[in-house]
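Have a look at the structure below before the remarks.
Residue numbers (the working numbering): 2 to 717.
As structure tokens, this is what we get:
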């Protein structure tokens, strides 16, 4: 649940500095020089330096400006009773007015500690950090003018309590800790009262502890979690040793950044960033609706589930070699493959995927706790004829430009281009992709473990899909959080398998046109061919079409049965067809032995009407909407149709049909009829429909099709 961020120049340089590797600008400040302990450079370090070269150069130039004092520092805000919210905070505050959405932005984290710890000193360290960072003492409520503001409390007003739990005598200490963490993780914060940060010290054994804390995203981000942890440990060590903490005072606080950001957005320099994003995201932004049998809720939900797997060492190395040869970064490569995957699934050429960045380009923000992350909406146009190599190099250049404009607040952008919004979706994009280097070396995995997809259980899902890759030694781990109200697990598992297959295939031949790249593995193709040819099935002569349909209603009541201009689940379709059947019985006296003609285009009415006719026990006769009047008249008379169901677009003249017409899109109000089950079919030998020959060699002839014959055809 920890917030994950894309690599930045700062994080790469920090990692290299830890290895005593120095990266600096050359004499012309147009290139970089790498010196120091270069023998400790790993392949990943080299790829990072190459992939983020331009960003590193710009970052180092900013450092030079800082040293020369020729940049605009963030100034302290004038003292005030309250302060405005940053753009990101304001949008999050609006979202969090709904309890479910607010809980989705909880950020729980726990850290294992081994050794002997002084509990009182640890609590004292947490209080010291709360005093150091004003944002941990901030609440959000409206002022007298009904404008929501930041209000900073004193430590005394906050009255922060630190929980301590001793699980040394618990029957299962791990289970007890897991239960505690799970219970707290989904507890909402009160944005108006605070505190918006909770901390606990959990003792598992005499020398094993867990430092658990949870903060609301409105006051922190992933970088903040690391700052908080480091500060707590630094204070703790100083208290235990009896030495001064010697912490450099923070020159600014989050409220100062907020005022600075507001001023920056008014400056001319931000106009270019605004113009770039508004141009990039102009026009209608297509949504990504992956295959699903579920009906998207009208209001966005956050019910999630998580699955995890690994990219094999061989495929990970192949991808890194490709990036090494072409330049760019691992993130660009993974994004490119995701774009190809979604194109393969949807044949959609305009694809937008989101990602997040640290948002701390300014030197003053390095040691701050606060909500600084920014979101980028990366829009890509697919050209199927391109090879993956060509495609990768094109998006690599486009993404480099996008990252140069990363300082413009995403939340400001949403206000400008997405004011109406869609209550069932996230703003601008539905799929988030992030890459994280956790510097954690995994043990060797067997082939079975590489191929396995682990069920990581329930979670909160802020997006339809939240795709996370982590560099774990030689492996890439691959996690997907998905919204369970939008997608089913089987589809997500298939999607993950297809991503791995696609990566493997394209790295074997990256110069093959994207449109010709195979998505299915050889095993899948064999299984598919076998299943399509395995048509043997045992049928009951007494079973009917309605029996078959009712089984699907029972098994898949919430899955989509009709996806036309209107979507109907199996349950909704069953209820609607019952209402139409009730209308046929009560209004038109339709029942067994009657014949009902049906003339309409393929639309959302046709299936409910067919089912309704069958449920009454009547036989239906389909009439082609393109039929000539003479053919229509013959079929209606020959079949003895008691009723014609049609639409206003396809009504038949009284010269052609003198019987009763039921113009369903005009004459039917579902609320007037019962949805209770109707089934007047007697046996599998009852007729279900009459189909007429073309009549090209004479008079059209009608053939009666019985239920068991239709069932045999369907099963085949």
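Where is the CB? At the ideal position from N, CA and C, for every residue including glycine. The structure displayed is predicted, hence computed values, not measured ones.
Cβ neighbour criterion (16 or more within 10 Å) applied to residue i
{"i": "residue 48", "result": "buried"}
{"i": "residue 334", "result": "buried"}
{"i": "residue 458", "result": "exposed"}
{"i": "residue 501", "result": "buried"}
{"i": "residue 270", "result": "exposed"}
{"i": "residue 164", "result": "exposed"}
{"i": "residue 187", "result": "exposed"}
{"i": "residue 614", "result": "buried"}
{"i": "residue 138", "result": "buried"}
{"i": "residue 580", "result": "buried"}
{"i": "residue 303", "result": "buried"}
{"i": "residue 278", "result": "buried"}
{"i": "residue 490", "result": "exposed"}
{"i": "residue 120", "result": "exposed"}
{"i": "residue 273", "result": "exposed"}
{"i": "residue 586", "result": "buried"}
{"i": "residue 545", "result": "buried"}
{"i": "residue 374", "result": "buried"}
{"i": "residue 299", "result": "exposed"}
{"i": "residue 480", "result": "buried"}
{"i": "residue 410", "result": "buried"}
Opposing strand residues paired with residue i [DSSP bridges]
{"i": "residue 306", "result": "459 and 483"}
{"i": "residue 199", "result": "215"}
{"i": "residue 152", "result": "140"}
{"i": "residue 663", "result": "646"}
{"i": "residue 470", "result": "436 and 479"}
{"i": "residue 112", "result": "212"}
{"i": "residue 561", "result": "570"}
{"i": "residue 167", "result": "204"}
{"i": "residue 24", "result": "35"}
DSSP three-state assignment for residue i, whether helix, strand or coil
{"i": "residue 72", "result": "Summary for residue 72: the model assigns pLDDT 47, below 50, so the residue's position carries little reliability; its value from the coordinates is reported in the next sentence. Note: residue 72 maps to coil in three-state DSSP."}
{"i": "residue 32", "result": "coil"}
{"i": "residue 252", "result": "coil"}
{"i": "residue 492", "result": "helix"}
{"i": "residue 361", "result": "coil"}
{"i": "residue 95", "result": "helix"}
{"i": "residue 609", "result": "helix"}
{"i": "residue 244", "result": "coil"}
{"i": "residue 355", "result": "strand"}
{"i": "residue 375", "result": "strand"}
{"i": "residue 395", "result": "helix"}
{"i": "residue 408", "result": "coil"}
{"i": "residue 370", "result": "coil"}
{"i": "residue 258", "result": "helix"}
{"i": "residue 681", "result": "coil"}
{"i": "residue 184", "result": "helix"}
{"i": "residue 718", "result": "Because the chain in this structure spans residues 2 to 717, residue 718 falls outside the shown range and cannot be described."}
{"i": "residue 5", "result": "For residue 5, the predicted model reports a pLDDT of 37, less than 50, meaning its position is unreliable and no value from the coordinates is stated."}
Chain-order list of residues whose beta-carbon lies under 7 Å from that of residue i (same chain, five-residue window excluded)
{"i": "residue 287", "result": "349 and 351"}
{"i": "residue 381", "result": "340, 352 and 396"}
{"i": "residue 168", "result": "174, 177, 178, 203, 204 and 205"}
{"i": "residue 674", "result": "580, 583 and 584"}
{"i": "residue 127", "result": "163, 200 and 233"}
{"i": "residue 511", "result": "323, 388, 389 and 390"}
Same chain, Cβ closer than 8 Å to residue i, five either side skipped, listed in chain order
{"i": "residue 707", "result": "685, 686, 687, 688 and 689"}
{"i": "residue 1", "result": "For residue 1 there is no data in the structure shown, the boundaries of the chain being 2 and 717."}
{"i": "residue 657", "result": "630, 633, 634 and 637"}
{"i": "residue 695", "result": "701"}
Same chain only: Cβ atoms within 6 Å of residue i, ignoring 5 sequence neighbours per side
{"i": "residue 239", "result": "246"}
{"i": "residue 12", "result": "none"}
{"i": "residue 593", "result": "618 and 681"}
{"i": "residue 319", "result": "508"}
{"i": "residue 70", "result": "Confidence in residue 70 is poor, its pLDDT being 38 and thus under 50, which makes the residue's placement unreliable; the coordinate value appears in the next sentence. Taken in chain order, the list of residues that qualify is empty."}
{"i": "residue 154", "result": "138"}
Integer-rounded CB distance, given that residue j should sit under 8 Å from residue i
{"i": "residue 117", "j": "residue 208", "result": "6 Å"}
{"i": "residue 184", "j": "residue 159", "result": "Wrong, their Cβ atoms sit about 23 Å apart, outside the cutoff."}
{"i": "residue 370", "j": "residue 223", "result": "Going by Cβ atoms, the distance from residue 370 to residue 223 rounds to 11 Å, so no, they are not a contact pair."}
{"i": "residue 394", "j": "residue 327", "result": "6 Å"}
{"i": "residue 426", "j": "residue 301", "result": "6 Å"}
{"i": "residue 258", "j": "residue 75", "result": "6 Å"}
{"i": "residue 493", "j": "residue 310", "result": "So it is not a contact: roughly 11 Å between Cβ atoms."}
{"i": "residue 605", "j": "residue 566", "result": "6 Å"}
8 Å Cβ cutoff, residue i in contact with chain D
{"i": "residue 657", "result": "Absence of chain D from the displayed structure is noted, only one protein chain being present."}
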